[in-house]
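Residue numbers (our numbering): 7 to 161.
Positions of the beta carbon are idealized from the N, C-alpha and C atoms, including for glycine.
No experiment lies behind these values; they were computed from the predicted model shown.
Below: one structure, written as C-alpha cells.
Following this line, the structure appears as C-alpha cells:
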C-alpha cells in the first residue's frame with residue numbers, strides 16, 4: 007500500500023493514500039453541502055411572486071411565472087396557463103393591480119395582460135406567446151415595445 011511520512015514538531019505521522027483520499031472527499035463534500043445550503047437561503051430571501059384566485063368553491067395559488075396571459079371575457083377574465091385555462095371573476099383593472107409587484111406582466115391591449123417571460127417574438131401589432139398570438143394595441147405600444155426589447159436583449 008502507498009503511504010506517506012509527514013514530519014511534524016511532535017513526531018512523524020504516517021498517511022496512506024486511501025486516508026488522504028477520504029479526507030479530501032470529506033472536505034469537498036462539506037464544501038458542496040455548504041454551497042447548496044447557501045443557495046437555498048438565497049431562494050428563501052426572494053420568494054416567487056404568486057397570485058391567489060378563487061375558482062368556483064376552491065382557492066388556487068398560482069405562480070405568476072406559470073401564467074402566459076390574461077384575457078377579458080365579459081364579467082370574468084380567462085387566465086391562460088401552460089396546460090389549462092382558469093376562469094376568474096374580476097376586471098382587467100383588478101388583475102392589473104394583482105401584478106403591480108411583478109413587472110413582467112403588463113397590459114398590452116384593453117382585453118389582454120401578458121407575461122413577457124413567455125413572449126417568443128413580436129411585431130408592431132401582435133405578440134407570439136408560445137404559438138398563441140395576442141394583439142398589441144396602438145395605445146399600449148409605446149410602453150410595451152421598450153419592455154419587450156429590454157426583455158429580448160436580457161434573455
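- According to DSSP, residue pairing for residue 141 in a beta bridge involves 132.
- Membership of residue 104 in the alpha helix (DSSP H) is indicated by the continuous run 98-104.
- Short of 8 Å from the beta carbon of residue 70, and not among the five residues preceding or following it, lie these beta carbons of its own chain, in chain order: 54, 55, 56, 57, 105, 108, 110, 111 and 121.
- Residue 93 is positioned such that its CB atom lies no closer than 8 Å to that of residue 102.
- The bridge partners DSSP lists for residue 73 are 87.
- For residue 116, there is no enclosing beta strand (DSSP E), as DSSP marks it with neither H nor E.
- Annotation: the continuous beta strand (DSSP E) that includes residue 59 extends over 56-61.
- Distance from the CA atom of residue 150 to the CA atom of residue 80, rounded to whole angstroms, is 24 Å.
- Apart from the 5 residues on each side of it in sequence, residue 126 sits with its Cβ closer than 6 Å to the Cβ of 134 in its chain, given in chain order.
- Closest in C-alpha terms to residue 147, from the list 33, 75, 130 and 74, comes 130.
- In this structure, 86 is the residue among 153, 145 and 86 with its C-alpha nearest to the C-alpha of residue 137.
- Taking C-beta separations shorter than 6 Å and ignoring five residues to either side along the sequence, the partners of residue 91 in its chain run 84, following chain order.
- Distance from the CA of residue 33 to the CA of residue 72, rounded to the nearest whole angstrom, comes to 39 Å.
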